[in-house]
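Novice:
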Amino acid sequence: MTTNNGDPLVIAEGLTRIYSMGATQVTGIKDIAFKINDGELVVLKGNSGSGKSTLLALLAGLDQPSRGRLMVADQDLQKASQADLILYRREVVGVIFQSFNLLPTLSVLENVCLPALLAGRKFSEVRAKAMDLIEWLNLKPRYNHRPAQLSGGEMQRTAIARSLINDPKIILADEPTGNLDSRNGQIVIELLSELNRNASRTVIFATHSTLADPYATSQICLKDGTITETCEV
582 MTTNNGDPLV
592 IAEGLTRIYS
602 MGATQVTGIK
612 DIAFKINDGE
622 LVVLKGNSGS
632 GKSTLLALLA
642 GLDQPSRGRL
652 MVADQDLQKA
662 SQADLILYRR
672 EVVGVIFQSF
682 NLLPTLSVLE
692 NVCLPALLAG
702 RKFSEVRAKA
712 MDLIEWLNLK
722 PRYNHRPAQL
732 SGGEMQRTAI
742 ARSLINDPKI
752 ILADEPTGNL
762 DSRNGQIVIE
772 LLSELNRNAS
782 RTVIFATHST
792 LADPYATSQI
802 CLKDGTITET
812 CEV
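The working numbering applies: residue 582 is where the sequence shown begins, and numbers increase by one.
This is how it looks when you write it as structure tokens:
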């Protein structure tokens, strides 16, 4: 599921997501359009409620548009079936959450391995790849620890390793530095930038922080669910 025709990796046209809450309709994003090329590092900027998390959820295949077109790695996510979306989430995107979303009863190694094991890959291969990632992220002394025994920075690095275990084309991060102090936040940004530069990963993340600005190839500024020319954070 990768682009091979020279087209942008991500194409959004008239992209809209409207949520129904009883008789009330709430607009997450409305009629937005943009393109992202393979190998970019894109920062989504905007205040709370601007539509950043809505857009990331659509890009992650965790939600689908109400209308409009969203093509990611040649996959039409607006028309995708649930089976298509499961495969897309396994093969195309890796997601990093602000709250880490690690399973508390599993060790670092087990958390990292889990997405690949669920995809049916062999345990021996998965474990070797996971240990390589754990070592790269300076987590080897902690590989057998559970999340409650880790610092915030260690939990976020574990989440990064987990997002990479299936070799995704795109890394999506929702406020990846939001629960970290400035030092660990800078470490996470530098790791994502290294993945972008040296491992040919397209990185897209939403943030209130300015830490990523020096590394970004482009920004998408959102306000009240639409794209604006200037970012307000």
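Using N, Cα and C, we set each Cβ at its ideal position, and we do this for glycine too.
1. Which residue wins for smallest C-alpha separation from S732, given the options P749, R648 and V689?
2. Do L590 and A654 count as a contact pair if the criterion is CB distance below 8 angstroms?
3. Specify the secondary structure class of C802 as computed by DSSP and reduced to three states.
4. Can you give, in chain order, each stretch of the beta strand (DSSP E) that sits fully within the region 624-698 and has at least 3 residues?
5. Please state if the CB of G806 and the CB of G632 are separated by a distance shorter than 8 angstroms.
6. Can you look up D588 in the DSSP assignment and give me helix, strand or coil?
7. In terms of residues, what are the limits of the alpha helix (DSSP H) holding I770?
8. Closest Cβ-Cβ distance between V674 and chain C: below 8 angstroms?
9. Do you know offhand how far S799's Cα is from I768's?
10. With DSSP as the reference, label R738 as helix, strand or coil.
11. What residue does the alpha helix (DSSP H) around K710 start on, and which one ends it?
12. Could you compute how far the alpha carbon of L714 sits from the alpha carbon of L720?
13. Have a look at L773, E810, S781 and I808 and flag the residue whose alpha-carbon is nearest the alpha-carbon of P795.
14. Closest to A697 by C-alpha separation, out of W717, I667, F678 and T686, would be which residue?
15. Within a Cβ cutoff of 6 angstroms, which residues of the same chain sit near T809, ignoring the five residues on either side of it in sequence?
16. Nearest by alpha-carbon distance to G609: which of Q656, A793, I617 and I599 is it?
17. Can you give the Cα-Cα distance for I751 and R743, rounded to whole angstroms?
Specialist: Judging by the given coordinates:
1. V689
2. yes
3. strand
4. 648-653 and 674-677
5. yes
6. coil
7. S763 to N779
8. Judged by its chain identifiers, the structure shown contains no chain C, having just a single protein chain.
9. 20 angstroms
10. helix
11. F704 to W717
12. 9 angstroms
13. L773
14. I667
15. C802
16. I599
17. 13 angstroms
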